[in-house]
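Visitor: One structure, pasted below without further comment.
Number of protein chains: 2
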Amino acid sequence: MPVSPITLYFDFSSPYAYLASRLIEDIAARHDRGIEWVPMLLGPVFAATGARPLVEQPLKGDYALHDMQRSARYHGVPFRVPQPFPIATHQAARVALALQREQPALATPWIHAVFDAYFTQGRNVADMPVLHALGAELGLSAERIDAFCADAQVKAALRANVERALGAGVCGAPFFVVDDEAFWGVDRLPQLERWLQARF
Amino acid sequence: MPVSPITLYFDFSSPYAYLASRLIEDIAARHDRGIEWVPMLLGPVFAATGARPLVEQPLKGDYALHDMQRSARYHGVPFRVPQPFPIATHQAARVALALQREQPALATPWIHAVFDAYFTQGRNVADMPVLHALGAELGLSAERIDAFCADAQVKAALRANVERALGAGVCGAPFFVVDDEAFWGVDRLPQLERWLQARF
Chain A
1489 MPVSPITLYF DFSSPYAYLA SRLIEDIAAR HDRGIEWVPM LLGPVFAATG
1539 ARPLVEQPLK GDYALHDMQR SARYHGVPFR VPQPFPIATH QAARVALALQ
1589 REQPALATPW IHAVFDAYFT QGRNVADMPV LHALGAELGL SAERIDAFCA
1639 DAQVKAALRA NVERALGAGV CGAPFFVVDD EAFWGVDRLP QLERWLQARF
Chain P
1489 MPVSPITLYF DFSSPYAYLA SRLIEDIAAR HDRGIEWVPM LLGPVFAATG
1539 ARPLVEQPLK GDYALHDMQR SARYHGVPFR VPQPFPIATH QAARVALALQ
1589 REQPALATPW IHAVFDAYFT QGRNVADMPV LHALGAELGL SAERIDAFCA
1639 DAQVKAALRA NVERALGAGV CGAPFFVVDD EAFWGVDRLP QLERWLQARF
């Protein structure tokens, strides 16, 4: 019986999704699962749940800034507090979606490249020149990146991912679904792994 | 050099604080730390952070109901979804505070008794008759419980705990402080324990 992949809903501006992007592949490999990366946008999710961006919330914002850095150290993942934060990530997400459709071998490298640029190199991945530079490292021309971002089908696919996320009950990022079981947060990876082992 | 205790801010209506109450003592014992239990109220914390009770939030509420049950299974802690939820917990908190002052040996047993009544036995610990019954099991008369709840100094002490929590940056429950390092959530206990070991 073929096993389904681990579905990972993410927004490129989520530090915890970045941490998850660095941790999920080892977990998936240990359990012979693939990963379905689903770029989406937290803005509409926050609108649905009534949440605001983490750092704009009194008390929680200060705590979160500290927690994201300590969580990175805890997991041994390089991390730099992004500035500005949060940012618009629809262009980076569109490129990811277009690559998943047209050149799937580059899609996951793109996802890692965007996350790393923003969360380890301090580069603003909302800026097209930054996306052009990241594309160049993968052999993608600036024209191709621009075409992905302007493509009506790609735009529609991103909107569809957001709808899919809301339909799946996604209330933040990272959000995982494994065999219909939902896990929210990088801090739920131990439970996700236990689920893969033993469906406790 | 004497070591400071692990400070645990909690509200009796928080399922995750209940889980923490079942897990923190082993962690503290492993690292020769005491525990300072700080009953407080999430209402004013939510007012400060702009949050609403978990189950009232679209998407998050459904997820949380599922997550709290799975988290209990993950940690091997008995759990029953409380009903009604959330509830007013100021009376149970006042008794805890009064015992901490007047009969400290009973304070932690009271805290566990209230949590267990609500989260494993389905008893509504907002009701005075339930608190009377829990008190009776510890040898406390109903009159004494009532007197604790009506005591102006105890009421003031609970308000002071809430102020202290807000001043300490408490943004939810459970919230831990160890040597000025803050941890929010039962899911941060692994980081808290690493901190006790290695201040990573």
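These protein sequence lines map, in sequence, to chains A and P. If you're matching positions, the first sequence starts at 1489 in my numbering and goes up one per residue. If you're matching positions, the second sequence starts at 1489 in my numbering and goes up one per residue. C-beta atoms are modelled at their ideal positions from N, C-alpha and C, and glycine is treated no differently. Predicted, not measured: the structure shown is a model, and the values here were computed from it.
Going straight from the alpha carbon of proline 1592/P to that of leucine 1619/P, what length do you get?
Guide: Position 104 of the second sequence holds residue 1592/P. Position 131 of the second sequence holds residue 1619/P. Cα to Cα, the separation comes out at about 18 Å.
Visitor: For arginine 1632/A, I'd like the list of residues in its chain whose CB is within less than 8 Å of its CB, leaving aside the five on either flank, ordered along the chain.
Guide: Your numbering for residue 1632/A matches position 144 in the first sequence. The answer, listed in chain order, is Gly1623.
Visitor: How is threonine 1495/P classed by DSSP in three states: helix, strand or coil?
Guide: On the second sequence, residue 1495/P is found 7 positions in, with the first residue counted as 1. Three-state DSSP puts threonine 1495/P in a strand.
Visitor: Determine, using beta carbons only, whether tyrosine 1562/A comes closer than 8 Å to chain P.
Guide: Taking the first sequence and counting its residues from 1, one reaches residue 1562/A at position 74. With 8 Å as the cut-off, tyrosine 1562/A counts as an interface residue toward chain P.
Visitor: Can you give me the Cβ contacts of asparagine 1612/A inside the same chain, cut-off strictly under 7 Å, excluding the 5 residues immediately before and after it?
Guide: To locate residue 1612/A, count along the first sequence from 1; it is residue 124. The residues are Pro1572, Ile1575 and Val1618.
Visitor: In chain order, what residues of the same chain lie with their CB nearer than 7 Å to the CB of leucine 1507/A, ignoring the 5 residues before and after it?
Guide: As a position in the first sequence, residue 1507/A is number 19, starting the count at 1. If we look at leucine 1507/A and ignore the five residues flanking it on each side, its Cβ neighbours are Ser1559, Ala1560, His1563, Val1565 and Val1674.
Visitor: Out of Pro1493/P, Thr1596/P, Ala1630/P and Tyr1606/P, state which residue places its alpha-carbon closest to the alpha-carbon of aspartate 1520/P.
Guide: In the second sequence, counting from the first residue as 1, residue 1520/P sits at position 32. The shortest Cα separation from aspartate 1520/P among Pro1493/P, Thr1596/P, Ala1630/P and Tyr1606/P belongs to Pro1493/P.
Visitor: Using the Cα positions of valine 1666/P and isoleucine 1599/P, report the straight-line distance between them to the nearest angstrom.
Guide: Within the second sequence, the letter at position 178 stands for residue 1666/P. Within the second sequence, the letter at position 111 stands for residue 1599/P. Going from the Cα of valine 1666/P to the Cα of isoleucine 1599/P covers about 20 Å.
Visitor: Closest by CA to glycine 1627/P, which one among Ser1502/P, Pro1527/P, Ala1601/P and Arg1647/P?
Guide: The residue given as residue 1627/P occupies position 139 in the second sequence. Glycine 1627/P has its Cα closest to that of Ala1601/P, out of Ser1502/P, Pro1527/P, Ala1601/P and Arg1647/P.
Visitor: Can you pull the chain P neighbours of aspartate 1550/A, defined as C-beta to C-beta under 8 Å?
Guide: Position 62 of the first sequence, counting from 1, holds the residue named residue 1550/A. Simply Gly1657.
Visitor: If I measure Cβ to Cβ from glutamate 1681/P and keep anything under 8 Å in the same chain, skipping five residues before and after, which residues do I get?
Guide: Counted from its first residue, the second sequence places residue 1681/P at position 193. Answer for glutamate 1681/P: Ile1515, Arg1518 and His1519, listed in chain order.
Visitor: Since proline 1527/P sits in a beta bridge, which residues does DSSP pair it with?
Guide: Start at 1 with the first residue of the second sequence, and residue 1527/P comes out as number 39. Bridge partners of proline 1527/P: Phe1498/P.
Visitor: At a cut of 8 Å, does the stretch 1580–1590 of chain P reach the stretch 1645–1653 of chain P through at least three beta carbon pairs?
Guide: Touching, yes, given that three or more Cβ pairs across the two stretches are closer than 8 Å.
Visitor: Does any residue of chain P have a CB that is nearer than 8 Å to the CB of leucine 1547/A?
Guide: Translated into the one-based positions of the first sequence, residue 1547/A becomes position 59. So, interface residue.
Visitor: Under the DSSP definition of a beta bridge, which residues are partnered with glutamate 1669/P?
Guide: Position 181 of the second sequence, counting from 1, holds the residue named residue 1669/P. Partner(s): Val1666/P.
Visitor: Check whether the Cβ atoms of valine 1543/A and leucine 1553/A sit closer than 8 Å, and answer yes or no.
Guide: Residue mapping note: residue 1543/A aligns to position 55 of the first sequence, counting from 1. Residue mapping note: residue 1553/A aligns to position 65 of the first sequence, counting from 1. Yes.
Visitor: Can you tell me whether DSSP reads isoleucine 1599/A as helix, strand or coil?
Guide: As a working note, residue 1599/A is residue 111 in the first sequence. Isoleucine 1599/A falls in the helix class under three-state DSSP.
Visitor: Counting only Cβ pairs nearer than 7 Å, list the residues of chain P close to threonine 1537/A.
Guide: Residue 1537/A sits at position 49 when you count from the first residue of the first sequence. Here the neighbours are Gln1545, Pro1546, Leu1547 and Lys1548.
Visitor: With aspartate 1514/P as the anchor, note down where its alpha helix (DSSP H) starts and where it stops.
Guide: By 1-based counting over the second sequence, the position of residue 1514/P is 26. 1503–1518 is the extent of the alpha helix (DSSP H) around aspartate 1514/P.
Visitor: Counting along the chain, where does the alpha helix (DSSP H) carrying glycine 1610/A start and finish?
Guide: Against the first sequence, residue 1610/A aligns to sequence position 122. Taken as a continuous stretch (DSSP letters only), glycine 1610/A belongs to no alpha helix (DSSP H), as it is neither H nor E.
Visitor: Say whether chain A places a C-beta atom closer than 8 Å to the C-beta of glutamine 1679/P.
Guide: Walking along the second sequence from the start, residue 1679/P turns up at place 191. Glutamine 1679/P counts as touching chain A.
Visitor: With a threshold of 16 other CB atoms inside 10 Å of the CB of alanine 1586/A, please say whether the residue is buried or exposed.
Guide: On the first sequence, residue 1586/A is found 98 positions in, with the first residue counted as 1. So alanine 1586/A counts as buried.
Visitor: Could you name the residues of chain A that alanine 1670/P contacts, counting a contact when the two beta carbons are closer than 8 Å?
Guide: Walking along the second sequence from the start, residue 1670/P turns up at place 182. Within 8 Å Cβ-Cβ: Tyr1551 and His1554.
Visitor: Span of the alpha helix (DSSP H) holding glycine 1549/A?
Guide: For the purposes of this step, residue 1549/A is taken as the residue at position 61 of the first sequence. Start and end: 1548–1563.
Visitor: Indicate the three-state DSSP secondary structure (helix, strand or coil) for leucine 1654/P in the structure shown.
Guide: In the second sequence, the residue the question calls residue 1654/P occupies position 166. It is helical.
Visitor: Whole angstroms are fine: how far does the CA of arginine 1589/A sit from the CA of glutamine 1641/A?
Guide: Start at 1 with the first residue of the first sequence, and residue 1641/A comes out as number 153. Start at 1 with the first residue of the first sequence, and residue 1589/A comes out as number 101. Each residue's alpha carbon lies about 11 Å from the other.
Visitor: Of all the options Val1491/P, Gly1538/P, Gln1609/P and Arg1676/P, which has the alpha carbon lying nearest to the alpha carbon of isoleucine 1523/P?
Guide: Here residue 1523/P refers to the residue found at position 35 of the second sequence. Comparing Cα positions, the closest option is Val1491/P.
Visitor: Taking the straight line between their C-alpha atoms, what separation do you get for alanine 1644/A and serine 1502/A?
Guide: By one-based count along the first sequence, residue 1644/A stands at place 156. By one-based count along the first sequence, residue 1502/A stands at place 14. For alanine 1644/A and serine 1502/A, the distance between alpha carbons rounds to 22 Å.
Visitor: Once DSSP output is grouped into helix, strand and coil, what is the label at aspartate 1639/A?
Guide: On the first sequence, position 151 is the one that residue 1639/A refers to. DSSP places aspartate 1639/A in coil when its eight states are reduced to three.
Visitor: Give the secondary structure of alanine 1630/A by DSSP, where H, G and I count as helix, E and B as strand, and everything else as coil.
Guide: The residue given as residue 1630/A occupies position 142 in the first sequence. In this structure, alanine 1630/A counts as helix in the three-state DSSP scheme.
Visitor: Between the Cα of glycine 1660/P and the Cα atoms of Pro1570/A, Pro1546/A and Ala1638/A, which residue gives the shortest distance?
Guide: Taking the second sequence and counting its residues from 1, one reaches residue 1660/P at position 172. Comparing Cα-Cα distances from glycine 1660/P to each of Pro1570/A, Pro1546/A and Ala1638/A, the minimum goes to Pro1546/A.
Visitor: Quick check: histidine 1636/A and threonine 1495/A, are their CB atoms within less than 8 Å of each other?
Guide: Here residue 1636/A refers to the residue found at position 148 of the first sequence. Here residue 1495/A refers to the residue found at position 7 of the first sequence. In the sequence under discussion, the amino acid at residue 1636/A is phenylalanine, which differs from the histidine named in the question. No.
Visitor: Relative to the C-alpha of threonine 1537/A, which candidate in Asp1555/A, Asp1604/A, Gly1549/A and Gly1657/A has its C-alpha closest?
Guide: As a working note, residue 1537/A is residue 49 in the first sequence. Considering only alpha carbons, the answer is Gly1657/A.
Visitor: I'd like the list of long-range same chain contacts for alanine 1605/P, defined as Cβ closer than 7 Å, with 5 residues on each side in sequence excluded.
Guide: Sequence index remark: in the second sequence, residue 1605/P carries index 117 (1-based). Only Arg1611, Val1613, Val1618 and Leu1622 meet the Cβ criterion.
Visitor: At 8 Å on the CB atoms, spell out the chain A contacts of aspartate 1675/P, in chain order.
Guide: Numbered from its first residue, the second sequence carries residue 1675/P at position 187. Those are Gly1673, Asp1675 and Arg1676, listed as they occur along chain A.
Visitor: By the 10 Å Cβ neighbour count, where 16 or more other Cβ atoms means buried, how is proline 1527/A classified, buried or exposed?
Guide: The sequence position of residue 1527/A within the first sequence is 39, counting from 1. Buried: at least 16 other Cβ atoms inside 10 Å.
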